[in-house]
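In the working numbering, the protein residues as written are 6 to 160.
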Amino acid sequence: MKAACQTLLFGLDYSNTEGMLDLVLEAGFEGVELAQLPKHICGGNYTELQKQLKMRGLTLLGLSGGTIRQRTDFLGTDRRPYLSCEKFESEEKNALGQGYRLAVHPHAYKSVHCFADARELLDREPRLEWLPDTAHFAIVGDDVVKCSLAYEKRL
Numbered sequence: 006m007k008a009a010c011q012t013l014l015f016g017l018d019y020s021n022t023e024g025m026l027d028l029v030l031e032a033g034f035e036g037v038e039l040a041q042l043p044k045h046i047c048g049g050n051y052t053e054l055q056k057q058l059k060m061r062g063l064t065l066l067g068l069s070g071g072t073i074r075q076r077t078d079f080l081g082t083d084r085r086p087y088l089s090c091e092k093f094e095s096e097e098k099n100a101l102g103q104g105y106r107l108a109v110h111p112h113a114y115k116s117v118h119c120f121a122d123a124r125e126l127l128d129r130e131p132r133l134e135w136l137p138d139t140a141h142f143a144i145v146g147d148d149v150v151k152c153s154l155a156y157e158k159r160l
């Protein structure tokens with residue numbers, strides 16, 4: 006995949022999924038991480054989202070909006086997209102145990118604040134994937150390149 010984008014800039018409550026996907030495609034992206042709350046993505050209908058993605062030749066890489074439970078309910082039995090997580094508590098452990106893909110995403114000033122916090126989780130739970138965010142590393146003073154490549158095989 007050449008390039009993918011994340012849709013947070015549209016806002017968590019943005020509900021024009023089709024228009025948003027059109028813009029993603031027009032910008033030349035092949036994949037997308039949706040940041041919107043699941044109830045706003047194609048009206049909460051995952052089958053409709055899959056149809057809209059297929060029509061555009063786009064790949065859903067992951068979901069970051071809403072709780073882990075909201076996202077697993079939205080995906081149903083589909084375990085392909087990752088679920089971005091900024092903490093690793095009972096809800097996240099339960100989803101991982103059910104076979105969902107969880108990717109640790111450090112976020113400045115939240116539970117997993119910096120690379121050291123992420124490393125602790127990634128070392129403790131080998132099933133977690135790595136979703137580094139260079140902007141947040143820079144904000145907290147971490148070495149952007151070193152941190153991004155530290156778990157390269159789990160990207």
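Built from N, CA and C at the ideal position, the CB exists for glycine as well.
query: Taking the continuous alpha helix (DSSP H) assigned at T52, which residues delimit it?
result: Annotation for T52: the continuous alpha helix (DSSP H) segment containing it runs 51–61.
- request: Helix, strand or coil for V117, going by three-state DSSP, please let me know.
  value: coil
task: Evaluate contact between the stretch 94–112 and the stretch 62–81, counting only Cβ atoms and requiring at least three cross-stretch pairs below 8 Å.
output: Output reads yes: the stretch 62–81 touches the stretch 94–112.
message: Distance check for F93 and R124, CA to CA, integer angstroms please.
response: 12 Å
message: For a test of the three-state rule: what should DSSP assign to S153, helix, strand or coil?
response: helix
field: Burial state of Y114, where buried means 16 or more other Cβ atoms lie within 10 Å
entry: With a 10 Å radius around the Cβ and a threshold of 16 neighbouring Cβ atoms, Y114 comes out exposed.
- request: Label T52 either buried or exposed according to how many other C-beta atoms from any shown protein chain fall within 10 Å of its C-beta, with 16 as the threshold for buried.
  value: By the beta-carbon neighbour count (other beta carbons within 10 angstroms, threshold 16), T52 is exposed.
message: Please report the straight-line C-alpha distance between V29 and L126, rounded to a whole angstrom.
response: 32 Å
field: A108 - partner residues in DSSP beta bridges
entry: S89, E134
query: When we look at the beta-carbon of V150 and count the other beta-carbons within 10 Å, is it buried (16 or more) or exposed?
result: exposed
task: Give the straight-line distance between the Cα atoms of T64 and L154, rounded to the nearest whole angstrom.
output: The alpha-carbon atoms of T64 and L154 are separated by roughly 24 Å.
message: List, from N- to C-terminal side, the beta strand (DSSP E) runs of 3 residues or more that fit wholly inside the stretch 7–51.
response: 9–11, 36–39
message: When you compare the CB positions of L66 and A9, do they come within less than 8 Å of one another, or not?
response: yes
message: Could you give the first and the last residue of the continuous alpha helix (DSSP H) run that contains T77?
response: Following the DSSP letters along the chain, one finds T77 inside the alpha helix (DSSP H) bounded by residues 73–80.
message: In the DSSP assignment, the beta strand (DSSP E) including G67 goes from what residue to what residue?
response: 64–68
message: Give me the residue from N21, I144, R84, Y87 with the minimum Cα distance to C47.
response: N21
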